[in-house]
Amino acid sequence: MAQAVDRDTNRPLEPPSEFIVKVQDINDNPPEFLHENYHANVPERSNVGIIRTALPNMDREAKEEYHVVIQAKDMGGHMGGLSGTTKVTITLTDVNDNPPKFPQSVYQMSVSEAAVPGEEVGRLKAKDPDIGENGLVTYNIIDGDGMELFEITTDYETQEGVVKLKKPVDFETKKAYSLKVEAANVHIDPKFISNGPFKDTVTVKISVEDADEPPMFLAPSYIHEVQENAAAGTIVGRVHAKDPDAAGSPIRYTIDRHTDLDRYFNIGQEDGFIKTTKPLDREETAWLNISVLATEFRNTMLTTKVPVAIRVIDVNDNAPKFAAPYEGFICESDQTKPPIVSISADDKDDTANGPRFLFTLPPEIVHNPNFTVRDNRDNTAGIYVKRGGFSRQKQDLYLLPIVISDGGIPPMSSTNTLTIKVCGCDVNGALLSCNAEAYVLNAGLSTGALVAILACIVILLVIVVLFVTLRRQKKEPLIVFEEEDVRENIITYDDEGGGEEDTEAFDIATLQNPDGINGFIPRKDIKPEYQYMPRPGLRPAPNSVDVDDFINTRIQEADNDPTAPPYDSIQIYGYEGRGSVAGSLSSLESATTDSDLDYDYLQNWGPRFKKLADLYGSKDTFDDDS
Numbered sequence: 001m002a003q004a005v006d007r008d009t010n011r012p013l014e015p016p017s018e019f020i021v022k023v024q025d026i027n028d029n030p031p032e033f034l035h036e037n038y039h040a041n042v043p044e045r046s047n048v049g050i051i052r053t054a055l056p057n058m059d060r061e062a063k064e065e066y067h068v069v070i071q072a073k074d075m076g077g078h079m080g081g082l083s084g085t086t087k088v089t090i091t092l093t094d095v096n097d098n099p100p101k102f103p104q105s106v107y108q109m110s111v112s113e114a115a116v117p118g119e120e121v122g123r124l125k126a127k128d129p130d131i132g133e134n135g136l137v138t139y140n141i142i143d144g145d146g147m148e149l150f151e152i153t154t155d156y157e158t159q160e161g162v163v164k165l166k167k168p169v170d171f172e173t174k175k176a177y178s179l180k181v182e183a184a185n186v187h188i189d190p191k192f193i194s195n196g197p198f199k200d201t202v203t204v205k206i207s208v209e210d211a212d213e214p215p216m217f218l219a220p221s222y223i224h225e226v227q228e229n230a231a232a233g234t235i236v237g238r239v240h241a242k243d244p245d246a247a248g249s250p251i252r253y254t255i256d257r258h259t260d261l262d263r264y265f266n267i268g269q270e271d272g273f274i275k276t277t278k279p280l281d282r283e284e285t286a287w288l289n290i291s292v293l294a295t296e297f298r299n300t301m302l303t304t305k306v307p308v309a310i311r312v313i314d315v316n317d318n319a320p321k322f323a324a325p326y327e328g329f330i331c332e333s334d335q336t337k338p339p340i341v342s343i344s345a346d347d348k349d350d351t352a353n354g355p356r357f358l359f360t361l362p363p364e365i366v367h368n369p370n371f372t373v374r375d376n377r378d379n380t381a382g383i384y385v386k387r388g389g390f391s392r393q394k395q396d397l398y399l400l401p402i403v404i405s406d407g408g409i410p411p412m413s414s415t416n417t418l419t420i421k422v423c424g425c426d427v428n429g430a431l432l433s434c435n436a437e438a439y440v441l442n443a444g445l446s447t448g449a450l451v452a453i454l455a456c457i458v459i460l461l462v463i464v465v466l467f468v469t470l471r472r473q474k475k476e477p478l479i480v481f482e483e484e485d486v487r488e489n490i491i492t493y494d495d496e497g498g499g500e501e502d503t504e505a506f507d508i509a510t511l512q513n514p515d516g517i518n519g520f521i522p523r524k525d526i527k528p529e530y531q532y533m534p535r536p537g538l539r540p541a542p543n544s545v546d547v548d549d550f551i552n553t554r555i556q557e558a559d560n561d562p563t564a565p566p567y568d569s570i571q572i573y574g575y576e577g578r579g580s581v582a583g584s585l586s587s588l589e590s591a592t593t594d595s596d597l598d599y600d601y602l603q604n605w606g607p608r609f610k611k612l613a614d615l616y617g618s619k620d621t622f623d624d625d626s
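The sequence shown maps to residues 1 to 626 in this note's numbering.
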């Protein structure tokens, strides 16, 4: 707002006026991008867009990433205008526009004939420059003479095809195989289907390597037969194996003795014929199962085992016998028609040599007046009574021989004895008693008499038992006085004394020496030069029990005996004790040599050491003479 006024009076000369001031822009700011760097993804081979590709078919596999600098100018790019720049990174994303391709046309592989199914043979790889799912490749065998023996799988981590063995191969049968393998993309883009088939093929040649294989039997198992009771050395059968290798190593046959512990068989090491070593019994073992080993001569580590089953053929070598220990009973007045007992038989042989059984009486008693045998033709027979009126007093037991024959070729038979007892029966035919002795005793002794006899026997036994018990409880005297031998028995106790128990254990009789009764006690270590005559009146009475008198008498005899040792002794022992000056006579404990010992003192030890004195004295003499 503006107004003109008088300078002097300051009065307005006109009314106020409004002025509008417009600021005019000048180009003093350059253009700026909101971000310093820009990133853009453009599919390869894309059409022109806002940011357009300069080339129509840009290939990611050739160059994946581009860096572009974009400049922005104001004033329409005229002179005097300002500008700003930014960087744009453009990445080409992948599309499946490349098929897989094998780098070579033929792959060579090898496999050993000893390889097992599932073992890897080799690997191959088709290259695909695409990435991600566009570069996934799968492998398949589409042709070749080894399609039944080999298979191929895909390792998706390495994108390789893995060739594996599907079935065993044999070098001697076929030495090489050829396979045609195809590699194809898993995901195909229809936009680029016109680029051609997205797959490739290659030839894989596999050679079979020879390996030293174990022997191979012509059959997986063998079954042979041999008759029982056949002589040792009978041929049972033969097994045959061969070396599958081209070299054809000789084969050695052996029997696994763990399967033939009884050593029933032997086998020819070179020809494989199995023979018996002893007669076989079918009734003991009908089947025998062994294992035969085939080993190469050149390599004994290569061994193959085959099972051999041997059936023992039955021979009619067992006669039929009673199936059970039969026993028949008949009444004294038996006139019944049913059989008194039914019998059957068993045969250890096979059914072909067993039933049917034939039951008959021996020819010598075929016309037995008492009994008859009726064959039921079903492997059983019945024993019938031909007459009645049996008597236990005359005969209470009948032994009836029965002949049983089997149906073998040739047939075998045996004679079995049937026991038939004659029994007493009631009016209804029930058995009462089958003992003839009981029938006779009833007429002589009554039941009361038998009870009385048994009671007397029991009383006598009781008396004997009581008598023996009383005799055992009777206390024997501890001191036994015998005129011939009365000696004292001195017993030493470790305790302080047992009172009257010590006196009971003191037996003066043991102190009496039979030799001392006559007043003469011979020396046992030195032979006396003259016989010492005992002085009369010093011999104690034989039955004396005064210990003090007995000991004093022995002391006086020893003091007055010129042959006695210079010390009082009641009894002389042969044991030297630990204080002997001779020391140990054992060489095991000797710490000195023979040259360190002097055995001259043995001459003074009496007759007991005379032998040792002579031995060692003669040795010393011999050494001195030499």
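For glycine and all other residues, C-beta sits at the position ideal for the given N, C-alpha and C.
Where the beta strand (DSSP E) through residue i begins and ends
i: Q473; result: Unbroken run through Q473 is the alpha helix (DSSP H), 447-473; no beta strand (DSSP E).
i: V315; result: Note, V315: premise wrong, no beta strand (DSSP E); not H, not E.
i: I343; result: 341-346
i: N416; result: 413-425
i: K205; result: 199-209
Beta-carbon proximity list for residue i, same chain, < 7 Å, skipping 5 on both sides
i: V236; result: H224, V226, F265, I274, K275, T276, I310
i: D119; result: Sequence check: residue 119 is Glu here, not Asp. Excluding positions up to five away in sequence, the list reads K164, L165.
i: T621; result: Here T621 scores only 45 on pLDDT, less than 50, and its place in the model should not be relied on; the value that follows carries that caveat. Taken in chain order, the list of residues that qualify is empty.
i: N29; result: L82
Reduced DSSP category for residue i - H, G, I as helix; E, B as strand; rest coil
i: E120; result: strand
i: L615; result: helix
i: I551; result: helix
i: T277; result: coil
i: M147; result: coil
i: K73; result: strand
i: A126; result: coil
i: R282; result: coil
i: N134; result: helix
i: H35; result: coil
i: K610; result: helix
i: L261; result: coil
i: V5; result: strand
i: N41; result: strand
Residue i - containing alpha helix (DSSP H), residue span
i: Q227; result: No alpha helix (DSSP H) contains Q227, which is instead part of the beta strand (DSSP E) from 222-227.
Residue i classed as buried or exposed, judged by whether at least 16 other C-beta atoms fall within 10 angstroms
i: P325; result: exposed
i: P99; result: buried
i: K467; result: A small correction: the amino acid at residue 467 is Phe; Lys does not occupy that position in the sequence shown. Burial call: exposed.
i: L418; result: buried
i: R252; result: buried
i: I206; result: buried
i: Y139; result: buried
i: F217; result: buried
i: F19; result: exposed
C-alpha distance - residue i paired with residue j, whole-angstrom precision
i: F171; j: A184; result: 33 Å
i: K386; j: G448; result: 41 Å
i: V116; j: K167; result: 8 Å
i: N134; j: I188; result: 7 Å
i: A4; j: D25; result: 31 Å
i: R554; j: P562; result: 14 Å
i: G633; j: N316; result: The chain is shown only over 1 to 626; residue 633 falls outside these bounds and no answer can be derived.
i: R255; j: E296; result: Per the sequence shown, the amino acid found at residue 255 is Ile instead of Arg. Approximately 15 Å, taken between the alpha carbons.
i: H67; j: T93; result: 15 Å
i: R298; j: K242; result: 13 Å
i: E270; j: L293; result: 12 Å
i: Y156; j: L136; result: 8 Å
i: K305; j: S291; result: 6 Å
i: Q108; j: G268; result: 46 Å
i: G606; j: R471; result: 53 Å
i: S391; j: I383; result: 19 Å
i: N353; j: V169; result: 52 Å
Interface flag, residue i vs chain B, CB-CB below 8 Å
i: T93; result: Protein chains in the displayed structure number just one, and chain B is not present.
Same chain only: Cβ atoms within 8 Å of residue i, ignoring 5 sequence neighbours per side
i: L432; result: C423, G424, C425, D426
i: A246; result: F171, E172, D210
i: H35; result: T86
i: A40; result: I51, V88, T89, I90, T91
Any non-hydrogen atom of the ligand NAD closer than 7 Å to residue i Cβ
i: K205; result: Absent from the structure shown: the ligand NAD. Ligands present: none.
Contacting residues, own chain, Cβ-Cβ under 6 Å from residue i (five flanking each side not counted)
i: L612; result: L602
i: P250; result: F297
i: G677; result: Since the first residue of the chain shown is 1 and the last is 626, residue 677 is not available in this structure.
i: V106; result: T203
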